[in-house]
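A quick write-up on the structure given underneath.
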Amino acid sequence: MSASSYSGQIGRVGASAAALGIGVAIIWTSPVAFADGAGTGAASVGGSPSTGHANPARGKLVRPSAPTTSDGVQSSHRAAASPPKPSNSVRRELDGHIATTRTTRATDASVAPAAESPTADAAPPTTSVRATASLPTPEAALRTVSGKLLAALGVADSPAAAMAATPASVFGAILKMFGIPAAPRPFAPPMLSLVLEWARRNIEESAPTSSTRVQTAMSATTTTINVKDYGAVGDGVTDDSAAIKAAEAALTSGERLYLPKGDYRFAQQNPAGNAAILLNGLSDVTVEFDPGARLLMDNLDASGLGTSYGIRVVGAASGITILDPTIEWTTRPQARSFGDGISVLGWPSDSAPPVEWTGSTGQIQNVSIINGRVVNSPQAGVVVMGASDVTVTGLTVIGSLADGLHFNADRRVTVDGLYAENTGDDGLAFVTYYDPTQPWTYGPTDGPFNSAGLGEWNNSDSTATNITVTGGSAGGVRVQGGYGISISHVTVSNKDFGIQVNSSIATGPGDWTSLASHNISISAVTVDHTGTGIVLGTHNIDGTEDPVWWDFSGVQISDATITNSDNWSIAAETPATETSKFAGVTLRNISAESNGTPTGGGNGGMLLASLHDSVIDNVRLVSDHGANIYLFGANQIRRGLSVDELPSSNLTVDDLELDGPGRILIQDIAGVTFGDVTSSNADGAAVEMYRVKDASFDNIIADLPGRGAGAGYGVRLLQVDGIDIANISVTTDDHIGSSFWAVELGGGNPTGYVAGNDVHVHNVTYVSGLDDMGSPIVVQGGPYGPVNWYIDANWVYQGPTSPHSDSAVYGDISPL
């Protein structure tokens, strides 16, 4: 149930609650089952909605996970500080039925075998379990009390039969009363919570006591292993390593490992399973930290390097929940070394692992990490490898020496809420490596994993939202070798780069090999004070390689705001070759602002080089200095090719805009369809084309170009071929540098190309605040001048002394 719908439930029952004088306790709504024996009787209402049986072998009263409040925080009880008591009539009804239960439990306890405190060598004691049908158990009391409550509330349609039925039916009837479906929900309406909490407290007061229990039963299906029952102190000074490992060893599938409030120091180096807490092949297990509990990792070696994970999960396993974990290394490691805060290692296939694989017995699925916090981990904060159906919610990672949150070779991942601060590597990474035959990268004992191609185990069908990354090294978000991933609402600051989508071929130790990603959506992005805002990269990959390395079909980055980049606002970083390629990307609705004095070579501009089969739509740069927008066909000028030999890039560009002293330079490229291209306040040329073939434009708008002291231009066409421009609009005031031309067609030379071939400019409009200076069009003459060309121009000088307007058609062919 969402917080909003929960608020609605409170509103609907507020009047009834007030009439009965009932306080609000927010708890789970699963039915309670009680087991016989020398239990503590500390019955707590609730538990996981998916669970519902006692553990007869252990003879415990099963208790739920700590209840969840509407603000998402786990707490044993989150009631009002001084809740009002029920009215007298309701109290009498409750007390009468609970008194019956007390008498029955006291009689039964007198014949139950006493429990003994376990030893290291002894198994937990077992007791018999009473059949609930033979005695007036708390379930029966609750059924009757619930019926009385329904009657007191005047609910005419509550079926009496439900009151005599199973506890689940009782709960269903009460839920129905509040307009809620009968299935259990993580949030209970206040009226229902009161009945269950009132009964729990009274039963707990009358329960017989016993010797110290190793396990505290929590719900109808979940037995809890409490680390304090195994000797953990939790004072932050005592070494609790042995107690935590003993509790871990006692944990079996279907149970809950619980750390109450306290600071649990783990000082053992290289512990069994390489983790403070190891879940090996367990399913339906919860590791829960009280919101005030911390696992303090104090086990760096003499060199200050890590020696273990905090929590490690290995498969085959399913149904793993890690709730409210706080894992902190007490000393920041000296270097990136062994040990993630939380590590999950499964197997990235629906088929069984090969016999030589020893790292995990199989696939891990249905993993939830909720409200986690990791500080100063020697490696990543959280890393998940080879798992399916993973949910990470509300994770905080501070000071990890590697990634904050890393996914490798997973599928169906959901992330909602990540805060990563001062991480040594990326804040969030979806990365899968490549090898045609070998599924593991280092050896058959651990991840990370390789894939033989793009598919579902390349982190497919995954989403991540509400991501904040600040400080540290590398990037905010990286996608490498990914397939079918959606990332949104991202904020990155003070990193080397904001967003990176890249592929790579390893060239030596420390390098990784990964294919080009497909079908990646990254949206609603804010990037501030990074080296480069958005990076599109192919490391050690040339366009002559197989397209699997450089074809990023379906990659889209949209709705991004980039400010104060020290190098580039956007950069396609491909090898410095004449055949480099990065294909299949869409950049849409991206606004960048670069002010001040960037220290990187890109000067805060945009490097859109080597793009093929791509779309650039509504991309804008604002700068107070000479930051440029470059659109290049390759990373290096292809000197060996004549302009008419340039291969098509097949680009679509619309609403490309630069506001600032720099220029838009379109160079060494062919096959581009432009909509609008706009430049404002350029020092020299607003828009310049050099060695451009087969390009069409709807509009080129140059507003106030030539603001510097040198030569100024609206549009320059230099060595171009097959250019079609529907409209050029150039506007200036009365400022002029050394010279100014609205349009230049030139650049021809004997070793390069003629000034232009097949150039059609259908309309030029030039408006100036100067006095009449004649035609604003300049065209190269002689043997290297343009051929098969025309320019249709008109101009208006609005100076105070000699205003003038005129028009002319230039060229060696007639306008089409």
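Just so you know, the sequence shown maps onto residues 7 to 822 in my numbering.
Each residue gets a CB set at the ideal place from its N, CA and C atoms; glycine is no exception.
Q) Do the stretch 516–534 and the stretch 486–499 make contact, defined as three or more Cβ pairs closer than 8 angstroms? A) yes
Q) Do Pro581 and Asp5 come within 8 angstroms of each other at the CB atom, strictly closer than that value? A) Outside the shown range of the chain (7 to 822) lies residue 5, about which nothing can therefore be said.
Q) What did DSSP end up calling Tyr236 once you bin it into helix, strand or coil? A) helix
Q | Identified DSSP bridge partners for Lys699 | A | Ala676 and Asp727
Q.
According to DSSP, simplified to helix, strand and coil, what is Glu122?
A. Annotation note: pLDDT 37 at Glu122 (below 50); position unreliable, coordinate value reported separately. Looking at Glu122 - three-state DSSP - the assignment turns out to be coil, as it is neither helix nor strand.
Q: Note down, in chain order, each residue of its chain lying with its Cβ closer than 6 angstroms to the Cβ of Thr497, except the 5 sequence neighbours on either side.
A: Thr474 and Thr532
Q: Measure the alpha-carbon distance for Pro339 versus Asn428 and round it to whole angstroms.
A: 14 angstroms
Q: May I have the straight-line CA-CA distance separating Val507 from Asn641, to the nearest angstrom?
A: 18 angstroms
Q.
For Ala470 and Ala761, I'd like the C-alpha separation in whole angstroms.
A. 50 angstroms
(Q) Rounding to the nearest angstrom, what Cα-Cα distance links Tyr448 and Pro515 in this structure? (A) 11 angstroms
Q. According to DSSP, which residues form a beta bridge with Ala582?
A. Ala582 is not bridged to any residue.
**Q.** When Ala255, Asp304, Lys267 and Gly287 are compared against Gln275, the one with the closest alpha-carbon
**A.** Asp304
Q: Pull up the distance between the alpha-carbon of Ala248 and that of Ile231, whole angstroms please.
A: 14 angstroms
Q: Please classify Glu362: does DSSP put it in a helix, a strand, or coil?
A: coil
(Q) By alpha-carbon positions, which one of Ser702, Ile670, Pro667 and Ala814 ends up nearest to Gly681? (A) Ser702
Q) Considering only the beta carbon of each residue, do Asp416 and Asn377 sit closer than 8 angstroms? A) no
Q.
Quick check on Ile670: does DSSP put it in helix, strand or coil?
A. strand
Q: Tell me, to the nearest whole angstrom, how far the beta carbon of Thr738 is from that of Ser774; I am working on the premise that it is less than 8 angstroms.
A: 5 angstroms
Q. Which first and last residues belong to the alpha helix (DSSP H) in which Glu254 is found?
A. Ser247 to Ala256
Q. Comparing alpha-carbon positions, which option in Ser529, Pro360 and Val678 lies nearest Gln562?
A. Ser529
Q | Burial state of Gln444, where buried means 16 or more other Cβ atoms lie within 10 Å | A | exposed
Q) Does the beta-carbon of Gly728 have 16 or more other beta-carbons within 10 angstroms, so that it is buried, or is it exposed? A) buried
Q. With Asp346 and Val389 assumed to form a contact (beta carbons below 8 angstroms), what rounded beta-carbon distance in angstroms separates them?
A. 5 angstroms
Q. Which residue comes first and which comes last in the beta strand (DSSP E) that contains Val815?
A. His810 to Gly817
(Q) Can you check which of these residues, Asn286, Pro821 and Ser559, is closest to Thr364 by C-alpha distance? (A) Asn286
Q) Between which two residues does the beta strand (DSSP E) containing Ala323 stretch? A) Ala323 to Leu329
Q. Quick one, are the C-beta atoms of Val765 and Leu723 less than 8 angstroms apart?
A. yes
Q. If we ignore side chains and look at the alpha-carbon of each, how far apart do Leu710 and Gly805 end up?
A. 15 angstroms
Q) In the structure shown, what three-state DSSP assignment does Ala650 receive? A) The amino acid occupying residue 650 in the given sequence is Asp; Ala does not appear at that position. Asp650 falls in the helix class under three-state DSSP.
Q: Would you mind stating whether Ala589 and Phe638 have Cβ atoms separated by less than 8 angstroms?
A: no
Q | Under the three-state DSSP convention, the category Tyr803 falls into | A | strand
**Q.** Residue range of the unbroken beta strand (DSSP E) whose run includes Ile491
**A.** Tyr489 to Ser499
Q: Counting only the same chain and skipping the five closest in sequence on each side, list residues whose C-beta sits under 6 angstroms from that of Ser735.
A: Ile707 and Thr771
Q: Return helix, strand or coil for Gly400, following the three-state DSSP convention.
A: strand
Q.
For the beta strand (DSSP E) containing Glu334, name the first residue and the last one.
A. Thr332 to Trp335
**Q.** Contact belief for Val396 with Val419 at Cβ below 8 angstroms, rounded distance in angstroms
**A.** 5 angstroms
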